[in-house]
Amino acid sequence: MKSFSGRTLSWSASENVTELELHHPPCNEIGSATLEELEKFAHAMEHAEKDVRVIIISSAVASGFSAGADLRELYRGVQNLSATERLAGVRDFLQRIHRVLNTIDAAPMTTIAAVHGVTFGGGLELALACDLIIADKTARFCFPELRLGLIPGFGGIPRLKRDAGNAVIRDLLLTGRSFNATKAQAAGLVSQVTAEGGALAAARAMAAQLCKFDRDTAVAAKRFIKPIPYEELRREIELFCEMFSRPAVEKGLRKFVEGTDKMPYLP
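In my numbering, the protein residues as written are 148 to 414.
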């Protein structure tokens, strides 16, 4: 995979490991610019040489891994559109981000998310698409979409159902509360917790170990233990679009956009 440097993210390759770094302040919100560059990354993954064994995704932004979808861009982008046009635009965005995350989920490489701080909404969904999540002790995980009258739309529900027990799923989705790294590890979402600032170093150490193993065996094992819930992912898009047209969602988005808090996505 050739190196790339963009507005919102960059990646570089070194021997058998490729590192993707998110660097879009204030907290790596996923809007149109980030989606376009993630699509470039997904395309590069699909055409990568077999010697790429591990991919690490991390953030250079101090506030966290990612706060999820860029809700301000979403709200402003649909203001002058008809209801039909709004729904078509949202559906197109969701289908595109699903293709990206499905590519990461099903990649023959082992993928590691090295997270810290805010890992909310679409940011958590990006992490859940990876094979392993390593979190430093500052990491907090949350699906705050309920406050907007929505559900996660980037594939979070099917992937959470695949990886966690019902009690954890219901807590995250129905309460909107955040989990710290210790609780996330106890729930089975996080494989390793490190000291503050230590997630990326731990991910690199794990990558070095993973590269010692036979690639074909690792690929076969991943396919066996990590099925992709494609049908449920498609159903999630339909449910999200159905809910997006409700007045409660527009009210919730407007409240979010007009809020004056520096980090309104925090509980």
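Glycine included, C-beta positions come from ideal geometry on N, C-alpha and C.
C-beta contact flag for residue i and residue j at 7 Å
i	j	result
isoleucine 244	leucine 182	yes
alanine 254	methionine 192	yes
asparagine 163	aspartate 198	yes
alanine 349	isoleucine 281	yes
glycine 270	serine 213	yes
threonine 97	histidine 263	Residue 97 lies beyond the residue range present for the chain, which begins at 148 and ends at 414; the question has no answer from this structure.
methionine 256	isoleucine 202	yes
Unbroken alpha helix (DSSP H) run spanning residue i, endpoints
i	result
valine 340	Element bounds for valine 340: not the alpha helix (DSSP H) but the beta strand (DSSP E), 339-341.
aspartate 318	313-322
glutamate 162	Here glutamate 162 belongs to no alpha helix (DSSP H), and DSSP marks it neither H nor E.
threonine 329	328-333
aspartate 310	303-310
serine 179	179-193
aspartate 283	Per DSSP, aspartate 283 belongs to no alpha helix (DSSP H); it is in the beta strand (DSSP E), 279-283.
arginine 246	230-253
Cutoff 6 Å; reference residue i; Cβ partners in own chain excluding five residues on either side
i	result
arginine 306	Leu275
isoleucine 304	Glu383
cysteine 289	Phe267 and Ser325
tyrosine 222	Leu400 and Val404
glycine 215	Phe267, Gly268, Gly269 and Gly270
Backbone CA spacing between residue i and residue j [nearest angstrom]
i	j	result
glutamate 220	threonine 364	43 Å
glutamate 166	alanine 160	6 Å
aspartate 278	leucine 248	12 Å
arginine 246	isoleucine 177	14 Å
glutamate 292	glycine 344	28 Å
leucine 321	phenylalanine 267	14 Å
leucine 413	alanine 189	Only weak support is given to the placement of leucine 413: the predicted model assigns it a pLDDT of 47, under 50, and the question is left unresolved by the model.
glutamine 242	tyrosine 377	12 Å
serine 210	alanine 346	14 Å
asparagine 313	alanine 334	10 Å
valine 237	lysine 359	43 Å
lysine 187	phenylalanine 240	15 Å
lysine 149	aspartate 361	23 Å
alanine 395	leucine 357	47 Å
Sequence-distant residues of its chain with Cβ nearer than 7 Å to residue i (five each side left out)
i	result
glycine 399	Arg294, Leu295 and Gly296
glycine 153	Glu184
proline 299	Gly268, Glu272, Phe290 and Glu292
lysine 308	Ile316
valine 366	Pro255
Residues near residue i by beta carbon distance below 8 Å, same chain, minus five either side
i	result
leucine 234	Cys388, Phe391 and Ser392
threonine 155	Leu169, His170, His171, Asn175, Ala180, Thr181 and Glu184
threonine 329	Lys284 and Val340
Delimiting residues of the beta strand (DSSP E) encompassing residue i
i	result
glycine 211	211-213
isoleucine 202	201-206
Supposed close pair residue i, residue j - CB separation, criterion 8 Å
i	j	result
valine 315	arginine 287	So it is not a contact: roughly 15 Å between Cβ atoms.
leucine 336	alanine 311	6 Å
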